[in-house]
Amino acid sequence: MIFKDDQCLVVTTRGPGRLHLLSYQSNGGLTNNVGSRPTTNSGVTRFMVSFSHTYERFAFIWDGDGEAVYGVGHGLKRLPVGKSWGQASAIEWGSSTVTTTDLSKLVAPLSGNTNITCFIIPDKI
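Count the sequence shown with my numbering and you get residues 148 to 272, in order.
The following block contains the structure:
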């Protein structure tokens, strides 16, 4: 299951761009949160998508010219990341499956920020 027992979500990208993350369906009454983490790296960048105990669902998209794939935990399987909120990559807390979901109406009224649980993994790790 994702976010448990070292099963983190890693997004690997090529080229500059932004990884956007939406945290939604709060169990504590908070509003949905959307933001992004940029990279200017012309090569490969790895992002770890973490979690917040306040939200039960998370979705992410890649806004860049290069490719982006995600993997779960130590598995070798890599799949493409969504490129728009209409076809976002989404996962629910405790699930082990990333789905493609249309979240465009949910994201539209939100303003972005950098208060997200998405971090760039340094090259030396």
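By construction, the Cβ of each residue, glycine as well, lies at the ideal position given by its N, Cα and C atoms.
Same chain, Cβ closer than 6 Å to residue i, five either side skipped, listed in chain order
i	result
V245	S236 and I238
Under 9 Å between C-beta atoms of residue i and residue j
i	j	result
G259	G175	no
Q172	Y217	no
I268	W232	no
L177	T264	no
V196	L166	yes
S199	S243	no
C113	V219	Past the boundaries of the shown model lies residue 113; the chain is included only from 148 to 272, so the question cannot be answered.
Residue of the options minimising C-alpha distance to residue i
i	options	result
L253	G162, R161 and F205	F205
G162	R193, Q154, C155 and N179	R193
N262	T159, N180, Q154 and L226	N180
L250	G241, Q234 and W240	Q234
Residue(s) in a DSSP beta bridge with residue i
i	result
N180	S170
E239	R204
A215	T160
R193	T159 and I268
R165	P185 and D210
L226	Y217
8 Å Cβ shell around residue i - same chain, five flanking residues per side excluded
i	result
G164	P185, T186, W209, D210, G211, D212, G213 and A215
For residue i, the first and last residue of its enclosing beta strand (DSSP E)
i	result
T247	T246 to T248
Segment limits, alpha helix (DSSP H) that includes residue i
i	result
S251	S251 to V254
C-beta neighbour in chain D for residue i, strict 9 Å
i	result
S189	No chain D is part of this structure, which consists of one protein chain only.
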